[in-house]
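S.K.:
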Amino acid sequence: MSDVLGLRERKKLRTRRALIEAALRLFQEKGYEESTIAEIAAAADVSTRTFFSYFAGKEDVVFFDGQARVDAALKMIAERRAGESVVDLLLRVTSHSLDTVSDADLTVELTPARRHLMMTVPALRARGLHLLYETQRRLAEALHLAYADELDPIEAAAAIGSVMGAAHLATMICTDRGETPEQVWAAGRRAMEIAIRGLGSIG
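Take 383 as the starting number for the sequence shown in my numbering and just add one per residue.
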């Protein structure tokens with residue numbers, strides 16, 4: 383039974399990846415607004431109904447990895463290790479987010495294409511800013527709760543804002559310079575680590 387479930391899970395992951403790649407390709411070739419869900423499904427060789435088994439709409443395909451990363455980070459913050467400092471926890475959360483999320487390779491590969499879409503399609507730009515704000519707010523609240531005796535809400539917000547803002551700006555700059563996906567991802571990691579190391583006065 384476990385082998386059967388393993389095969390099913392791998393098939394689901396392949397279908398999900400095919401939908402993401404087909405959607406991004408169509409968005410680049412035809413335009414985001416001009417591409418339909420039916421066309422995305424057909425390009426991935428699945429039905430429209432199957433598309434909706436994986437994504438609620440076109441926007442969700444572009445932001446395919448966001449929820450898994452946030453959920454993992456929130457869990458790690460809530461379950462912080464005894465005696466772990468804020469800096470050490472943020473370094474661990476950052477490393478986990480970059481290295482172990484199931485879509486990590488796909489995320490790196492598609493970063494330039496997604497960044498271009500988010501900067502040129504108004505609906506995606508608005509969604510991206512909303513998600514960024516909500517993610518920062520939720521992580522800051524979780525960090526404050528995890529270190530209630532050490533951090534006040536402003537310090538927690540400053541810590542999360544510093545880390546996420548550094549990564550966001552660094553990846554944007556590298557993308558604009560035409561660097562490879564791997565270079566963009568490495569720049570985001572380095573920017574986060576620089577920001578975290580600078581938080582020594584907190585906590």
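Yeah, the Cβ is synthetic: ideal placement off N, Cα and C, and Gly gets one too.
Do Met-500 and Gln-518 come within 8 Å of each other at the CB atom, strictly closer than that value?
M.R.: No, they are not a contact pair.
S.K.: Rounded to whole angstroms, what is the Cα-Cα separation between Gly-388 and Asp-534?
M.R.: When rounded, the distance between both Cα atoms is 45 Å.
S.K.: With a threshold of 6 Å on Cβ separation, who are the neighbours of Glu-564 within its own chain once the five nearest residues in sequence on each side are excluded?
M.R.: The answer is none, since no qualifying residue turns up.
S.K.: Does His-526 pass the burial test, meaning 16 or more other C-beta atoms within 10 Å, or should it be called exposed?
M.R.: His-526 is buried by the Cβ-count criterion.
S.K.: For Ala-577, which residues from the same chain have a beta carbon less than 6 Å from its beta carbon, with the 5 sequence-adjacent residues on both sides left out?
M.R.: The residues are Ser-544, Val-545 and Ala-548.
S.K.: From the DSSP output, in three-state form, read off Glu-403 for me.
M.R.: Three-state DSSP puts Glu-403 in a helix.
S.K.: So Ser-467 is in the alpha helix (DSSP H); what residue range does that whole segment cover?
M.R.: Neither: Ser-467 is in no alpha helix (DSSP H) and is coded neither H nor E.
S.K.: Gly-439 by DSSP, collapsed to three states: which one?
M.R.: Coil.
S.K.: Does the CB of Arg-559 have a neighbour CB from chain D at under 8 Å?
M.R.: This model lacks chain D altogether, as it is built from one protein chain only.
S.K.: If I measure Cβ to Cβ from Arg-633 and keep anything under 6 Å in the same chain, skipping five residues before and after, which residues do I get?
M.R.: Residue 633 is absent from the structure shown; the chain starts at 383 and stops at 585.
S.K.: Helix, strand or coil, according to DSSP, for Leu-581 in the structure here?
M.R.: Coil.
S.K.: Of the residues Thr-562, Thr-553, Gly-582 and Gly-560, which one's Cα is nearest the Cα of Ala-573?
M.R.: Of Thr-562, Thr-553, Gly-582 and Gly-560, the residue nearest in Cα terms is Thr-553.
S.K.: Run through DSSP, which three-state label would Arg-571 get?
M.R.: Reduced to three states, the DSSP call for Arg-571 is helix.
S.K.: Taking the CB atoms as reference points, tell me whether Thr-493 and Val-566 lie closer together than 8 Å.
M.R.: Cβ atoms of Thr-493 and Val-566: closer than 8 Å.
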